[in-house]
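Position one of the sequence shown corresponds to residue 1 (the UniProt record's numbering), numbered consecutively onward.
All C-beta atoms, glycine included, are put in the ideal place defined by N, C-alpha and C.
First comes the structure, then the notes that go with it.
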Amino acid sequence: MANSAGSKKRARQAIKSRAHNGSLRSMVRTYLKKVDAAIEAGNQADAQAAYVLATSKLDKAADKGLYHKNKAARHKSRLSAKIKALA
């Protein structure tokens with residue numbers, strides 16, 4: 001348990017940031033699922049449109065430290081390859 005005033009404040013901040021990070025992570029996962037759904041449907045135009053939005057959200061999350069930049073790049077690369085395979 002936090003004893004000093006500084007550690008109590010840090011514990012409060014950690015709770016807030018955990019909730020906020022979870023929300024952002026969930027949003028990114030939702031955008032990635034939209035791309036996957038469009039790919040499964042075989043609709044390349046919709047998949048490409050969803051991919052553009054998803055990459056933006058993924059890059060912003062990586063910039064904030066929610067995901068490692070290599071993980072974001074890996075997701076983008078794999079999704080891009082799946083979209084190109086639809087053609």
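Span of the alpha helix (DSSP H), counted from its first residue to its last, around LYS57: Start at 1 with the first residue of the sequence shown, and residue 57 comes out as number 57. Per DSSP, LYS57 belongs to the alpha helix (DSSP H) from 44–63.
Beta-carbon spacing of residue 88, ALA49 below 8 Å: Because residue 88 is not part of the residues shown, which for the chain are 1 to 87, the question remains open.
MET27 versus LEU58: straight-line alpha-carbon distance, rounded: As a first step, residue 27 must be located in the sequence shown, where it is residue number 27. As a first step, residue 58 must be located in the sequence shown, where it is residue number 58. Rounded to the nearest angstrom, the two C-alpha atoms are 9 Å apart.
Delimiting residues of the alpha helix (DSSP H) encompassing MET1: Numbered from 1 along the sequence shown, position 1 holds the residue referred to as residue 1. Note, MET1: premise wrong, no alpha helix (DSSP H); not H, not E.
TYR31 - containing alpha helix (DSSP H), residue span: By one-based count along the sequence shown, residue 31 stands at place 31. Where TYR31 is concerned, the enclosing alpha helix (DSSP H) stretches over 5–41.
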